[in-house]
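A.B. asks:
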Ligand code: C2E
Ligand code: MG
Ligand code: MG
Ligand code: MG
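As structure tokens, then:
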């Protein structure tokens, strides 16, 4: 049909855009179905103490196994879930699963582990988050300090006033708050003064070239010093080499996460990684 339309014809969508829109709608439908069909799973990536490498906890990372498409990356489906509003239902599911895990760990000898959950912008500004958390905390009886919520700089800055209020409410409940992908949001550092937070997550983009790019090395070292002088803890993401780990430890970075220590793993594999003695002692 597009071929029949000459140069003079105005089209709202180009054929390429139509295709992209079509694919998006298809994926969106499949996402809704996937939620009903229980095609989602939480993987856990260990977060370790850089001084002795013991496992402090994990970050929950969403995985989607579609029967035909196979494993779809969150980088592909989260933006679509976010735009369509599906992220609200999906995000609720993630939080429910996460609190369920913390509850199970308490009676399984893993009660010291912390669990971090990613929040999307829409979840943060939707108004349903606090009532859900209150219900989950009351029903599960978990220690709120074992739950950490990660919010990106850019999500927080979409509506700084509301974010400030939300983060205050979260911390009033004893829940921990981390700023994810720190340094990538092009926002000024002044929000560190505005927001009550516990931890900064240094983005993988800065860690990647720590050894080869002197600017990245300086930025990472300065970020760690800045965070500490504000009384915040620091975790580095995407640590893949011993040299990166050494650099970060020397700069007094508190914690790290990355393929060097562990990939995101299915729950049982993570539990074994975090507590091998316990897993092998199980009947
Ligand atoms: P993120 O929160 O910044 O998560 C870190 C990403 O880096 C994860 O990608 C993780 O698998 C990857 N990663 C960890 N260590 C390494 C490493 O050493 N090297 C490399 N190359 N990559 C590493 P993943 O699992 O594909 O997730 C991508 C993004 O999707 C996340 O970025 C987060 O923004 C979003 N996401 C994942 N799960 C959820 C969720 O439950 N809710 C929401 N709203 N977003 C989620
Ligand atoms: Mg994260
Ligand atoms: Mg991140
Ligand atoms: Mg990221």
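Residue numbers (full-length UniProt numbering): 798 to 1080. Virtual Cβ for every residue (Gly too), placed ideally from N, Cα, C. Being a predicted model, the structure only gives us computed values, none of them experimental.
1. Does the Cβ of residue 915 lie closer than 7 Å to at least one heavy atom of ligand 2?
2. Could you check whether residue 825 and residue 875 sit closer than 8 Å to each other, using their CB atoms as the reference points?
3. Roughly how many angstroms lie between the CA atoms of residue 834 and residue 852, to the nearest whole one?
4. Going by beta carbon distance, what residues of the same chain come within less than 8 Å of residue 855, once the five residues before and after it are set aside?
5. Does DSSP classify residue 873 as helix, strand or coil?
6. Rounded to the nearest angstrom, what separates residue 1057 and residue 1038 at their Cα positions?
7. Just the C-alpha distance for residue 989 and residue 980, rounded to the nearest angstrom, thanks.
8. What runs of the beta strand (DSSP E), each 3 residues or longer, lie entirely inside the segment 891-951?
9. Leaving out the 5 sequence neighbours to the left and right, which residues in its chain are closer than 7 Å to residue 859 when beta-carbon positions are compared?
10. Does the Cβ of residue 1051 lie closer than 7 Å to at least one heavy atom of ligand 2?
11. Any idea if residue 799 is buried or exposed, counting beta-carbon neighbours within 10 angstroms, 16 or more meaning buried?
12. With 16 other CB atoms within 10 Å as the buried threshold, where does residue 930 fall?
13. Ligand 3 and residue 995: does any heavy atom of the ligand fall closer than 7 Å to the residue's C-beta?
14. Find out if the Cβ-Cβ distance for the pair residue 1044, residue 1007 is shorter than 8 Å.
15. Enumerate, from N- to C-terminal direction, the unbroken alpha helix (DSSP H) stretches of 4 or more residues contained entirely within the segment 949-1035.
16. By alpha-carbon positions, which one of 900, 866 and 928 ends up nearest to residue 938?
17. Do residue 919 and residue 887 count as a contact pair if the criterion is CB distance below 8 Å?
18. By the three-class DSSP mapping on this structure, what secondary structure does residue 1063 have?
19. With respect to 7 Å, is the separation between the Cβ of residue 880 and the closest non-hydrogen atom of ligand 1 below this value?
20. Please report the Cβ distance between residue 998 and residue 1021, rounded to the nearest whole angstrom; I am assuming they are in contact, meaning their Cβ atoms lie under 8 Å.
21. How about residue 973: is its Cβ closer than 7 Å to a heavy atom in ligand 3?
22. If you draw a straight line from the alpha carbon of residue 1009 to that of residue 1041, how long is it in whole angstroms?
23. Quick check on this structure: which residue in 917, 908 and 1026 has the alpha carbon closest to the alpha carbon of residue 883?
24. Threshold first: 4 residues or longer. Then list the alpha helix (DSSP H) segments lying entirely within the segment 804-867, N to C.
C.D. replies: Based on what the coordinates show:
1. yes
2. no
3. 33 Å
4. 841, 842, 843, 844, 910, 911, 912, 913, 1067 and 1071
5. helix
6. 6 Å
7. 12 Å
8. 911-915 and 944-949
9. 837, 839, 871 and 891
10. no
11. Here residue 799 scores only 41 on pLDDT, less than 50, and its place in the model should not be relied on; the value that follows carries that caveat. Exposed, because fewer than 16 other Cβ atoms sit within 10 Å of the Cβ of residue 799.
12. buried
13. no
14. yes
15. 950-955, 957-969, 988-991, 1001-1005 and 1011-1026
16. 900
17. no
18. strand
19. no
20. The pair is not a contact, with the Cβ atoms about 12 Å apart (cut-off 8 Å).
21. no
22. 10 Å
23. 917
24. 812-833
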